[in-house]
Amino acid sequence: MIDLPAIEGALTALVSGSAVEELQVLLERCADFEILVTGAPPGPTAAEDLLVDAPEDHPLRDKFVIGVWTDQGLTATIDLLRHFPQEHVWYVGLLLVAPESRGQGLGRRIVEALIDWVRRQGGRALRLVVQEQNPRAMAFWRAHDFQPIGTAVQELEARTNQVTRMERRI
Ligand SMILES: CC(C)(COP(=O)(O)OP(=O)(O)OC[C@H]1O[C@@H](n2cnc3c(N)ncnc32)[C@H](O)[C@@H]1OP(=O)(O)O)[C@@H](O)C(=O)NCCC(=O)NCCS
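By this note's numbering, the letter at position 7 of the sequence shown is numbered 1316, and the numbering carries on one by one without gaps.
Next comes the structure, spelled out in structure tokens:
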């Protein structure tokens, strides 16, 4: 059994097989977020695409798309890249909680479990970016001691985003 973050009140597994279809449904239920950051809802292969979405030249063995199952089914997902952009840094490409489950502490439990797990894997920092049009996400990450370390411009589909790069040393 692969060791994954242990989240109180939830089961975790790497997304594969029939769970890819469940992930597609979750992404479609979270179309609000996709529209906010890319300007368009998720396409019909969004889940499959997410599983192989990694920077060029970065091996897929460092990619982890983790599903979080509660009694509501697949309720959240975490997309992680190990050793990116450098050794011992883990990049959170996505943290997504189903709309009706937000604001109930699941995100907090996921982040706490993730930090603990990444630390045990030898990671020394978590990094991510937050789009300027997503102030609630910024409040969330700041509440978990992520610090701004810079800004960048991100091209996503039809949108150009101003983003803040955030880091949490662990
Ligand atoms: C950000 C997110 C992962 C947090 O998960 P969560 O389960 O809602 O988080 P918790 O319940 O532990 O914490 C709630 C806090 O998250 C923040 N938050 C961000 N977006 C939120 C939303 N849509 N609904 C409720 N809280 C939200 C708030 O700061 C809130 O704090 P408050 O209770 O003081 O208002 C989740 O809301 C989500 O999936 N949002 C859409 C996708 C997204 O923005 N992901 C982050 C990309 S950088």
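We put the CB at the ideal spot given by N, CA and C, even for glycine.
The model shown is predicted, which means the values in this text are computed figures rather than measured ones.
CB-CB length for residue i against residue j, believed under 8 Å
| i | j | result |
| --- | --- | --- |
| LEU1423 | ASP1388 | In fact, because the Cβ distance is near 11 Å, the residues do not count as touching under 8 Å. |
| GLU1441 | GLN1471 | 4 Å |
| THR1460 | ARG1474 | 7 Å |
| LEU1415 | VAL1406 | 5 Å |
| ARG1338 | PRO1444 | Contact flag wrong, Cβ pair sits at about 22 Å. |
Helix, strand or coil at residue i [DSSP, three-state]
| i | result |
| --- | --- |
| GLU1330 | helix |
| LEU1345 | helix |
| ALA1315 | coil |
| VAL1324 | coil |
| GLY1478 | In the sequence as presented, Gly is not what sits at residue 1478; that position holds Arg. The answer is strand: DSSP assigns ARG1478 an E or B state. |
| ALA1448 | helix |
| ALA1434 | strand |
| GLN1466 | One detail in the question is off: residue 1466 reads as Glu in this sequence, not Gln. Three-state result, GLU1466: coil. |
Close beta carbons around residue i, own chain, < 8 Å, minus the five adjacent residues each side
| i | result |
| --- | --- |
| ALA1467 | THR1347, GLY1348, ALA1349 |
Cβ neighbours of residue i in the same chain (closer than 6 Å, five flanking residues each side left out)
| i | result |
| --- | --- |
| ARG1477 | LEU1435, ASP1454, PHE1455 |
| PHE1373 | LEU1389 |
| PRO1353 | none |
| MET1447 | VAL1439 |
Sequence-distant residues of the same chain with beta carbon closer than 7 Å to residue i, five excluded per side
| i | result |
| --- | --- |
| VAL1427 | TRP1399, LEU1435, ILE1479 |
| ALA1315 | ALA1422 |
Query - Segments assigned beta strand (DSSP E), at least 3 residues, entirely inside the segment 1347-1420 - result: 1372-1379, 1382-1390, 1398-1406
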